[in-house]
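A.B. asks: Here the sequence shown stands for residues -26 to -1, 1 to 811, numbered as in mature numbering (1 follows the signal peptide of the UniProt record, and there is no 0).
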Amino acid sequence: MKSKRSMRGIAVSGVAVMMLAGSLWAQSPPPAEAATGASPRPDQPQAVTREPTQAPAKPAPTPVPTPLPVPTPAKPAAASAFPATTRALPLSSAAPAIDAGQAAPASTGTALPTRASPVPSKVPAKTPVVADTDAAAIAVKAAPAKPAAANKPTQPVAAAAANANAPASFAPLPPPLPEAIADAVDPAPVAQATAVAGYPVETSLARDNEASSEILVEPGAVAPIPMLSAPDLEAYVDGLVPLAIARGGLAGAVVVVVRDGQVLLAKGYGYADVEKRKPMDAARTLVRPGSISKLFVWTAAMQLVEQGKLDLDADVNRYLDFKIRDYAGQPATMRQLMTHSAGFEESAKHLFAADESRLLPLDRYLKQVQPERVYAPGKVPAYSNYGAALAAYVVQRISKQAFDDYIEANVLVPLRMRQSSFRQPLPKGLAGDMAKSYSSADGAPIPFELVNPAPAGSLSATGLDMARFMIAQLDERGAGAATILQPHSLQTLHAAASRPIPGLDAMALGFFRRDTRGPVVIGHGGATEAFQSNLVLLPAHGLGLFVSADGPGSAGRALHRDLIKGVIQRYFPVRGAQQPTLPTARLHAEQLVGRYENSRASSSNFLAIARLLGSAKIGVNDDDTLSVSAFRTPDGRPKRWREVEPYVWREVGGDSLLAAKLVGNEVIAVSSDDVPAAMWLQPVPDWRSPGWMLPLLCLVLAVQALALLLWPVAALVRRHFQRPLVLAERDRRLRLLSFLGLIGNLVLVLLWLWIITRIDASVRMLDGALDPWIRVAQLLGLASMATAVVAVLNARAVWRSSPQRLRRVCAIAVAAACVAMVWYVLALRTLSWSLVY
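#1: Using the three-state DSSP reduction, which class does P253 fall into: helix, strand or coil?
#2: Here's the rule: buried if 16 or more other CB atoms are within 10 angstroms of the residue's CB, otherwise exposed. What is K250?
#3: Can you list, in chain order, the stretches of the alpha helix (DSSP H) that have 4 or more residues and sit fully within the region 349 to 434?
#4: Look up F713 in the DSSP assignment and say whether it is helix, strand or coil.
#5: What does the Cβ neighbour count give for S775, buried or exposed, with the cut at 16 atoms within 10 Å?
#6: K635 by DSSP, collapsed to three states: which one?
#7: Per DSSP, which residues does T307 bridge with? Please list them.
#8: Could you tell me the alpha carbon to alpha carbon distance between L214 and V232, rounded to whole angstroms?
#9: Ordered along the chain, which non-local residues of its own chain (more than five positions away) have a Cβ less than 7 Å from that of I372?
#10: Quickly, what does DSSP pair F486 with across the bridge? List them, please.
#11: Does the distance from the C-beta atom of G244 to that of P526 stay below 8 Å?
#12: Which same chain residues end up closer than 6 Å to P345 when comparing Cβ atoms and leaving out the 5 residues on each side of it in sequence?
#13: Determine whether the beta carbon atoms of Q656 and A676 lie at a separation below 8 Å.
#14: To the nearest angstrom, how far is it from the Cα of L708 to the Cα of T761?
#15: Using C-beta distances below 6 Å, list every residue in its chain close to G530, excluding the 5 sequence neighbours before and after it, in chain order.
#16: What are the start and end residues of each continuous alpha helix (DSSP H) run of 4 or more residues lying completely inside the region 644 to 710, in chain order?
#17: Below 8 Å on the Cβ atoms is my guess for P612 versus S601; work out the distance and round it to an integer in Å.
#18: In terms of residues, what are the limits of the alpha helix (DSSP H) holding N768?
#19: Pull up the CB-CB distance for V448 and M312, whole angstroms please, since I reckon it's below 8 Å.
#20: According to DSSP, what are the bridge partners of I592?
#21: Taking the continuous beta strand (DSSP E) assigned at K341, which residues delimit it?
#22: Give me the residue from F695, V763, F546, L671 with the minimum Cα distance to F713.
#23: If we call anything under 8 Å between Cβ atoms a contact, is F443 one with M391?
#24: Tell me, please, which residues DSSP counts as bridged to F318.
#25: Tell me the rounded alpha-carbon separation between D206 and S267.
#26: Exposed or buried, G500, counting other C-beta atoms within 10 Å across all chains shown (16 or more means buried)?
#27: Does the region 578 to 587 come close enough to the region 615 to 624 that 3 or more CB-CB pairs lie under 8 Å?
#28: Using the Cα positions of K323 and V810, report the straight-line distance between them to the nearest angstrom.
#29: On the premise that Y545 lies in contact with P198, defined as a C-beta separation below 8 Å, what is that separation, rounded to the nearest angstrom?
#30: Where in the region 524 to 581 do unbroken runs of the beta strand (DSSP E), each at least 3 residues long, occur, reported from the N-terminal end onward?
#31: Cβ of V229 within 8 Å of Cβ of L239?
#32: Measure the alpha-carbon distance for A789 versus V796 and round it to whole angstroms.
#33: By Cβ distance, which residues of its chain are closer than 7 Å to A791, with the 5 residues on each side in sequence left out?
#34: Output the distance between the C-alpha atoms of I420 and E330, rounded to the nearest integer angstrom.
#35: Within its chain, find whatever has a CB closer than 6 Å to the CB of R606; leave out the 5 residues flanking it on each side and keep chain order.
#36: Pull the bridge partners of W623 from the DSSP assignment, please.
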C-alpha cells in the first residue's frame, strides 16, 4: 500500500494498494546460463554459526537448531545521526572483520566501491550489536556440522546486474486510483505484462554450485567483484542506508539479508519512534510489509494443495458460502487468483478502516464489496487485493479456522516468527514494539493502519522474522529444520505460471518473477501509508533480501530500489550482449502510438475517473525510438526504447525491456519488465480516449462557467441601460431553470473533485465515511439529465423568440454543454445506485 499524495495518484495503474512496490533487474544472463540454466548444487551443511568466545563446533550426529550468535558489541559511533541495531550471522566462523580495504560506498550513496577503495569518513561507524534475547534460532536441518575452521566462505556467483536507471523493483505503473489507495494493498502494485496461457510450468529452480574462493572478475571489468560476506555487505549497506534516510526524510529502515540458510545481515537504521529517539531494531521492532502479506496467503494455499484439500483449477465457488459472479459463464479459479488473472476490476471500498469499530470480518467484507469481473478469466492480468483476500477466505473455509489462527498455527509458529502477527489491532505483547508510522520523519505519526482485507496486507513483523520466512521459502531442497512446504510445492509456487507478454517476465503463483535477464528473481513489494517494503529472493543463489522503510513514500521506494539494485549489481554482476536496432524499428513503433490505460482499474463506478486522468501515451521519436510516459527514469524523464527483436524494445542507455502483444496486426497490450506481470497497459478505446475527452471536458465546463458569469452581468447591463428582457412566462421559467441547472452541474464537478481529493489525502476515507457525499453527487448526476432537457428546451425557445444572433448562439452552446455533461456523467460511471467501489 503506497501513499503518494498528488492528483496524479488518481490516475493510472495500480500499484501497489496498500501493499504493492528497487530496480533490480537489468542485464541478460551469461550465455552459458541462458542456454542451459544454473547447474544443480548438491546438498551442503548449512547454518554454521559463530560463537566468538567458543571453540569450533564438533560434528553433531543429529541436526539441532542453530541459535543466532551474540557478537561482541562494537563501540557506538558518536557522530552518527542515525542509530543502528545489528543482528548478523556470518557465513563462516572464520569470517574476518572489516578492514581498510573493504570500503563502504562513497558519501554520495551512488558509487559502487571496490575492495581497494578507502572508507569514506562520512559513513557512520559500526554500531552496537543487539543480542537475541528470545534465543529463538533461525534453524536449518543440515548434515553433521564440520569444525568451523574447515568451512569456506561463500563465493560470489555470476548473477544479474541492475539497470541504474530502472525504477523500483516491482514498481507499479501509475495507479488507477489515488496512489494512497492503489499502493495500499499492492506494487503494490504492482505490475504489467501481456497475454497468458500456453507457457509450460517450470518444475525446478537449479542452484549454482560455484564453491571456489576465487574473486570472479567480469570480462572487461577493471575492478574485482567483492566476495559476498557479512562484513563487506554491512559496510556497503551502512554507506547507503543512513544517507538515504537523511536525504529522504525517512524516520528509519530495516534491512535483512539471508543466504544459504544463514542471516548475513539484520540491521535497523534510524528511529522506530522519533520523539522518544527509540532506535529501529531488526530483531524487535515491528514494521508493516504491506502486500508482502500476500505471500503468506499463497503459502497457505499450497499447504492445502499438498493435503489434497484444494484444487487450483477448480471453480472457487466450490469452497465458498457465497457466489462469485461468473464472467460469460466462466468461473474463477485459485490459480487465477494467484496470478491476478481472475478478471476483477479494482476494488477500494472498505480497504482501510478509520478505527477499530469499523473493521469488518473477512467474510462480510468479501460479500459487501465484491467487484465486477470485467475481463475474461486467465486472459488479462489485473492486480487484485480482493482476489488475494478471497484466496485467504478459501483457506479459512477449507481449514475451518479463522485465517489469523491458521497462519499462526501453520506458518508463524513453525518458523518461530514470534514477533509477527496478522491481527488488528496488534496483541498487547507486540503492540509496544510496533514502529510508529510516519509520513515524514519530522511530522507527527499517523495511527496504526487497519486493513479490512487483512490477509492481503495487515502483516506486522520484525526484520528477523522476515528472515525466517525467506529462509523457509529458499529451502527448495527440504534441508531446513522448519519446513512449511515440501520442495516440490515450493518449486511449483516459485515457477512461471503465466507469461502475459512473450519476451517479458512471467508471473509465478503469487510471486512476482523476473526471469528474462540475469538470474531468476522472485518476490513482492508492499506499501502502506507509512511503510515502503520489498522482499526479493534469488533461489539459484540461496539469497534473500528484505527492506522496509518508514516515512515518505517516494523516499522509501528510492531506498529499496537503490539498495536491492546495488546489492545484486555489486555481488552478482552480469554483462548483457549488445543487440543492434532492427530496421523495422519505426514501422513497429508506429503501430504502438496512442493512448493506453492500466488493466488494473475500476470501470463500473466513479473511480473510472482515474482512467481519464491517468492514461499513458506512447510516441515515436525522431531517431525511431519509442517513448512511453508511464515508464520514467529516476529523474522523471520518459525512457527511450529501441527495437532489438520484433516487437521487443530495449531501453536506450539501460537494460530494461519493453514488449507488445499483438493479435493479428492489432496491439492489445504493452508492458515493461520494470514492473511485474500482474498488470499491463492496454489501448484506450477511441470512444473514451482522454485525447479528446479531456479537452472537451474543459470546454464544456468553461462554457457553463462563462454562462453563469455572463447572465448576471448581462442583467446588470440591461438594468443600467433600462432595457429589460421581455420574455413569456414559460420562457422565463426555462431560463431560470437552466441557470439553476448550470449551478448544479458545476457543483457536481466540484463535489467529485473534493471527494477524490479527500480519498487521495487519506485512504481511511474509503471506509464509507464519504458515502453520503457520494450519494449526493450521484443525485446531482441524475439532475444533470434534467438540466440538459431544460437547456435544450430553452435554446429552442430562444431560437424562436429572439432575433438576436448572439443570444441564439449562447443558448445553443449552453444546451450543447449540458448534453455533453450527461455524456461525462455516464461515461465516467458517476451515475449509479450502488455504493460499491
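Glycine residues also receive a C-beta, built at the ideal position from the N, C-alpha and C atoms.
C.D. replies: Reading off the structure:
#1: strand
#2: exposed
#3: 359 to 373, 377 to 381, 402 to 405
#4: helix
#5: exposed
#6: strand
#7: D289
#8: 18 Å
#9: L278, K283, L284, Y293
#10: M481, G497
#11: no
#12: F318, E319, S321, Y360
#13: no
#14: 10 Å
#15: Q506, A523
#16: 664 to 694
#17: 4 Å
#18: 745 to 775
#19: Note on identity: in this sequence residue 448 is Leu, with Val being the wrong assignment. With a Cβ gap of about 19 Å, L448 and M312 do not count as contacting.
#20: G568, V602
#21: First-last for K341: 336 to 342, but that is the alpha helix (DSSP H), not the beta strand (DSSP E).
#22: V763
#23: yes
#24: R347
#25: 30 Å
#26: buried
#27: no
#28: 6 Å
#29: The pair is not a contact, with the Cβ atoms about 12 Å apart (cut-off 8 Å).
#30: 568 to 572
#31: yes
#32: 11 Å
#33: V674, V677, Q678
#34: 15 Å
#35: P612
#36: E617, L632
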